[in-house]
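Each remark here refers to the structure printed beneath this line.
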Amino acid sequence: MRRFAPWLCAGLALFAAGTMAEHAWRGVRPQIPEIGRKQLEPTLGQGVLLGILGGLRTVVADLTWIRSYVLWERRDRAGCEALMRAACALDPHSRYFWENTGYAVGFDLAHWEIRRRGGYAKVPAETQDRLFKAYARRGIEILEEGRGHAKVSTPLVLCAAQLAEIKLKDHRLAASYYQTAAEAPDAPWYAARICAQTLWEDGRREEAYRWLRQYWTTRMLPKEDGFPDDLQRLRMMEDVLGVRAGLRIPRQAWEN
Amino acid sequence: MTAAISVRHLTKDFRVGLRGLKLRAVDDVSLEIPRGQVYGLLGPNGCGKSTTLKIVLGLVSATAGEVSILGCPSATPEARRRTGFLPEAPYFHKFLTGRELVRYCAQLSGVPSADVAAAVEDALGLAAMTDAADRPIGTYSKGMLQRIGFAQAVVHDPELVILDEPTAGVDPVGSAAIGRMIHAMRGKGKTIVLCSHLLGQVEQVCDRVAIMDRGKLVLEGRVDDVLSRRDRHVLTVESMSPAAREAAEATLAAHGAVVTSVTHPRRSLEDLFRELVTGSRDA
Amino acid sequence: MQASFQRVSWIARVTFLEAVRQRFFAFLLILGAAMALSSVSFRVLDFGHGELKFIADFGFGGMFLFGSVLAVVMTAQLFFSEMDNRTALTLLAKPLGRGEFLLGKFAGAWAVLGVFVAVLAGLLGAVLWAREQELLLLAEQAGKVPPTFSAAGLAQFALLQWLRLGVVASIVLAISAVARTFLYAVVVGALAVVAGQLQWIAQDAILKPSESPAYEAVLWCTSRLLPNLQQFNIGDALVLGTTGVPADAVGAVAMAGAAYMAAYVFLGALLFKRREI
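Protein chains in written order, with the numbering used here: chain U, 267 to 522; chain R, 14 to 296; chain Y, 2 to 278.
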C-alpha cells in the first residue's frame with residue numbers, strides 16, 4: 267500500500283487541480299468567445315487551427331477573411347462561404363464579419379449559382395427566384411446567428427431587413443426587422459422611415475402611421491430640428507388616411 | 014569498523030528491446046571495500062563495473078542484492094553526503110567558471126555556508142586548479158576538466174571518493190597529477206575507489222583490486238598478493254662484470270636454482286615521458 | 002526543509018543561467034517582440050475590430066505561440082541536456098533528491114518563461130499606450146469616445162500567461178521524466194499543449210447534460226487530468242475591458258494553474274525517481 271501511496275497522491279492532486287479548473291472555467295467562460303466548431307471544420311487544415319488554439323484569434327480571423335476575398339474573386343461559392351463562416355466563428359464578436367457574410371451569402375451567392383448553371387438567359391425565372399429566396403434565407407440565418415454574438419447588432423438587423431425586402435419580397439418580415447433596428451439605441455434615422463414605408467406598402471397603412479407617429483413623437487421631436495421631413499411624411503399619411511383634425515399631430519410652431 | 018562499501022549478492026538486469034529480454038549486467042557480485050585504502054575496480058568495457066558503481070551511488074536500482082556505504086544503505090542522502098563522485102568523461106556547464114562549479118557542488122553537497130569559501134579553495138588547491146579557477150569551464154583542456162571534476166568530487170570532504178575512469182583521455186602528465194591527488198586523499202585517510210581499465214595506473218596507485226568480467230567478480234585481493242609470483246625472484250645488480258655473473262650463476266646452480274634470463278632493467282615509457290615533459294605541461 | 006529549498010534554488014539558478022544563454026531563447030524572444038512591435042504596421046489588415054484589439058491580439062498571439070514553443074522545447078532541452086551530457090550523474094550522486102532536482106529544473110525554466118512573458122507584455126503595453134495616445138487625440142478632434150486599454154489588466158493577463166506556460170513546462174517535465182529521447186518529449190509535449198488548448202470542448206460538453214453516462218465519465222476524467230489551457234485566454238476582457246472579469250474569477254484561474262503545476266511537478270518527480278540514469 268505504501269508503494270502506491272505517492273501515485274494515489276499524484277492522482278488526487280491532479281483531480282483536485284481539475285476540479286479547481288472546472289470551477290474557474292465556469293467563472294471565465296462568458297469572457298471567451300464561443301467557437302462555432304461546425305463552421306470551422308471545413309477550414310481546419312488551412313491555418314485556422316492556430317486561431318482555435320488561442321491567442322491569435324483576431325489575426326487569424328482577419329487573414330481568413332482576406333483569403334475569402336480571393337475565393338470571392340473566383341466566384342467559388344462553397345470555399346468563399348466556408349472561409350467567411352470560419353472568420354465569423356473565429357471572432358464572433360466582430361460585427362463586420364457577420365454583416366458581410368450575410369450580405370455575400372444573401373445577395374451574391376445566388377447570382378454565382380445562376381451563372382454556374384448557364385446564366386440568367388438559360389435558367390428559368392422560377393428557378394432564379396427560388397435560388398434568390400433560398401440564399402436570402404441562408405443570409406438571414408447567418409445574420410440571426412450573428413445577432414447572438416456580435417457586440418453591435420443593429421447593422422445585422424438592417425441587413426436582414428434588406429434581404430427580406432429585396433430578395434424575399436416579404437414586407438411583413440422586412441418591416442419587423444426595420445422596426446427592431448429603428449428601436450435600437452444606435453439606430454440610424456432612415457430605419458424608422460423605411461419601416462413605416464414598408465408597412466405602408468404592405469397595406470398596413472394605419473399601423474404604419476401609428477408607429478411612425480409614436481416614433482416621431484418620442485424620438486425625433488425632442489431633437490434639435492424636430493425632423494420636419496418626417497413630420498411632412500406623417501402629414502401625407504394623415505391626408506391619405508383621412509385622420510380627423512382633432513386627432514392629427516398638433517401643428518408645430520416651426521411647421522410651414 | 015564497517016567497510017567503506019559493502020556489496021552483497023548484487024545482481025542487475027536490464028530489459029532490452031520491445032520483448033523486454035533480460036540483459037544481465039551484474040551477476041551476483043559480493044565484495045567488501047575496506048576504509049582508508051585505494052581500491053581498483055578493473056575490467057574490460059561492458060564488464061559491469063560502471064553499473065556496479067552507479068548502483069552503489071543510487072543512480073541505478075539493483076535487481077537483487079544489498080549495497081551499503083559506510084554502514085548506511087546506499088542511495089540515501091546520508092550515504093551520498095559522505096561520498097564524492099567523479100563520473101567518466103565528466104561534462105560540466107561550460108558557462109560556469111571552475112570556482113563557480115566547485116562552489117555550486119559544495120552547496121549541493123551540504124557544506125555550511127560559512128565554510129563554502131574555504132572548502133572551495135582547499136578543493137581547488139588539491140586539484141591544482143587555483144590559477145585557472147576563474148576561467149569558464151568551456152576553455153578547459155581535457156586534463157583540467159578531470160581535475161576540476163576531482164575538485165567538485167572532494168569539495169565537501171567526503172570519506173569515500175569514487176572515481177570512474179579518472180584518467181581516460183588524459184595525457185601521462187595529467188594522469189600522474191591525478192595519481193598524486195589520489196595519494197593525497199589516501200594520506201588524509203580517505204577511501205578511494207578507482208574504476209579503470211588502465212592497468213598500469215591501477216597497479217601504481219591501488220592497495221587492493223577487484224577484476225570483473227561479464228558481470229562477475231573473477232578476482233579480488235591486495236595488489237602485491239595478486240601480482241607477485243612466489244616461485245620466481247628478481248635481483249637487480251649494479252656494476253656486474255661477466256666474471257661476476259658467471260660466478261653468481263654457478264653459485265645459484267649449486268643451490269639448485271635455475272637462472273631463466275638475465276636482462277637489463279627498463280624504465281617504463283610513461284616514466285620517461287613524464288621525466289622529459291615535466292615543467293612544460295598544461296595538462 | 003531550508004537546506005532542501007537552497008538546493009532547489011541552486012539548481013534553478015544554474016538552469017536559468019543555462020537557458021537565458023541559449024540562442025533559441027533569444028531567437029523566440031526577438032520573434033515575439035517583433036510581432037508585438039510590428040502589430041501597428043499590420044493594422045491595415047484589420048476589419049473593424051478596433052485598433053487596440055488588433056494590436057493586443059498580435060501581442061497575445063506572440064505570447065501564446067512563441068511562449069508555448071519555448072515552454073515545450075526549452076524545458077525538454079534543459080532536462081535532456083543534463084541527461085545526455087551526464088551532468089545529472091554528477092549532481093544526483095550528491096545528497097540531492099530527484100524531486101529537488103526536478104523542482105529546480107522546473108523553477109529555472111519557469112523563471113525564464115517569466116522573463117519572456119514580462120518582456121513581451123512590457124513591449125505590448127508600450128505599443129498599446131503609444132497608439133492609445135494617438136487615438137485619444139483623433140477621438141478628441143472627432144468628438145468620439147476614445148478606445149482605451151487597461152495596464153493593470155495587461156499585468157493580470159501576463160501573470161495568467163506565465164501560469165499557463167508554467168503548466169505547460171510542468172507537463173513537459175513530467176513527460177521528459179519518462180521519455181527516452183528529447184524528440185519524443187517535445188512531440189508529446191506539443192500534443193499535450195494542443196489537447197490542453199482544445200480541452201475546453203470536453204469541459205463545455207460536461208456543462209451540458211449528456212445522455213450517455215459513460216461518455217460523460219470519460220469527459221469528466223479527461224477534463225481533470227488534462228488542464229484546460231483556454232481558461233487563461235481572457236486577454237480581451239482583461240486588457241480591453243470589453244466585458245470585464247470578476248477578480249475572483251481571475252484568482253480562481255490562477256489557483257487552478259498553480260494547482261496543476263504542483264500536481265504535474267509531483268507526478269514528474271515520482272516518474273523521475275524510477276528512471277535509471
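Note that CB positions come from ideal geometry on N, CA and C, so glycine has one too.
When the Cβ atoms of the region 443-463 of chain U are set against those of the region 410-427 of chain U, are three or more pairs found closer than 8 Å? yes
Output, in chain order, the set of chain Y residues within a Cβ distance shorter than 9 Å of V73 of chain R. E277, I278
From the DSSP output, which residues share a beta bridge with I18 of chain R? R:I46, R:I82
Is there a Cβ from chain Y that is less than 8 Å from the Cβ of G292 of chain R? Interpretation of G292 of chain R is limited by its pLDDT of 48, a score under 50 that renders its predicted location unreliable; no figure is taken from the coordinates.
In its own chain, which residues sit with a C-beta less than 8 Å from the C-beta of R112 of chain R, not counting the 5 before and 5 after it? V133, L137, A146, D147
Kindly say whether G345 of chain U, judged by its beta-carbon, lies nearer than 8 Å to any beta-carbon of chain Y. no
In angstroms with no decimal places, state the Cα-to-Cα distance between T204 of chain R and T24 of chain R. 24 Å
Pairwise C-alpha distance: V183 of chain R and A296 of chain R: Because A296 of chain R sits at a pLDDT of 41, beneath the cut-off of 50, its placement in the model cannot be relied upon, and the point is left open.
Quick one: list the residues of chain Y neighbouring Y153 of chain R, beta-carbon separation under 8 Å, in chain order. Ordered by position in chain Y, no residue passes the 8 Å Cβ test against Y153 of chain R, which lies about 15 Å from the chain.
If we define contact as Cβ-Cβ less than 8 Å, is L92 of chain Y a contact residue for chain R? yes
List the endpoints of the continuous alpha helix (DSSP H) containing Y386 of chain U. No alpha helix (DSSP H) holds Y386 of chain U; DSSP gives it neither H nor E.
With 9 Å as the C-beta to C-beta threshold (strictly closer), list the residues of the region 284-299 of chain U near chain Y in chain order. G284, T285, M286, A287, E288, H289, A290, W291, R292, G293, V294, R295, P296, Q297, I298, P299
Flag this pair as yes or no: are the beta carbons of E178 of chain R and C208 of chain R separated by less than 8 Å? yes
Just how far apart, CA to CA, sit A175 of chain Y and M262 of chain Y? 10 Å
Taking C-alpha atoms, which residue in U:S360, U:V389, U:T464, U:L500 lies nearest to Q445 of chain U? U:T464
Under the three-state DSSP convention, the category F26 of chain Y falls into: helix
Looking at C-beta atoms only, is the number of pairs between the region 511-520 of chain U and the region 183-203 of chain R that lie closer than 8 Å three or more? no
K106 of chain Y: contacting residues in chain R (beta-carbon distance under 7 Å): Those do not exist, as K106 of chain Y stays about 13 Å from chain R at its closest Cβ, beyond 7 Å.
Check the C-beta distance from L500 of chain U over to W477 of chain U and give it rounded, since I have them as a contact under 8 Å. L500 of chain U to W477 of chain U, Cβ: 11 Å. No contact.
Identity of the residues DSSP links to L34 of chain R by a beta bridge: R:V29
By how many angstroms is the C-alpha of V169 of chain Y removed from the C-alpha of P125 of chain R? 36 Å
Please name the residue in R:A270, R:V271, R:G228, R:T273 whose C-alpha comes closest to that of C40 of chain R. Residue identity differs from the one stated: residue 40 of chain R is Asp in this sequence, not Cys. If we check each option's Cα against that of D40 of chain R, R:G228 comes out closest.
So, using beta-carbon positions, are G53 of chain R and V215 of chain R closer together than 8 Å? yes
Is there a C-beta anywhere in chain Y that falls below 8 Å from the one on A369 of chain U? The residue you asked about is not Ala; residue 369 of chain U is Tyr in the sequence shown. So, not an interface residue.
Measuring CB to CB, does Q157 of chain Y end up less than 8 Å from L53 of chain Y? no
Please give me, in chain order, every unbroken run of the alpha helix (DSSP H) with length at least 4 that falls completely inside the region 428-510 of chain U. 437-449, 455-467, 471-481, 494-507
Tell me the rounded alpha-carbon separation between L72 of chain R and F108 of chain R. 26 Å
Separation of A186 of chain Y from L192 of chain Y, as counted between CA atoms: 10 Å
Going by CA-CA distance only, name the one from Y:E83, Y:L164, Y:L30 that's closest to P103 of chain R. Y:E83
Using the Cα positions of V275 of chain R and E101 of chain R, report the straight-line distance between them to the nearest angstrom. 42 Å
Spell out whether any CB of chain B is found under 8 Å from the CB atom of A196 of chain Y. Of the protein chains in the structure, U, R and Y, none is chain B.
Among Y:D249, Y:F233, Y:G68, Y:G105, the one whose alpha carbon lies nearest that of L29 of chain Y: Y:G68
Could you pull the start and end residues of the alpha helix (DSSP H) that V41 of chain Y belongs to? Element bounds for V41 of chain Y: n/a, residue is neither H nor E.
Using a Cβ-Cβ cutoff of 9 Å, what residues of the region 240-266 of chain Y are near chain U? List them in chain order. T243, T244, G245, V246, P247, D249, A250, V251, G252, A253, V254, A255, M256, A257, G258, A259, A260, Y261, M262, A263, A264, Y265
Where the beta strand (DSSP E) through L173 of chain R begins and ends: 173-177
If you run the structure through DSSP and keep just helix, strand and coil, what is I176 of chain Y? helix
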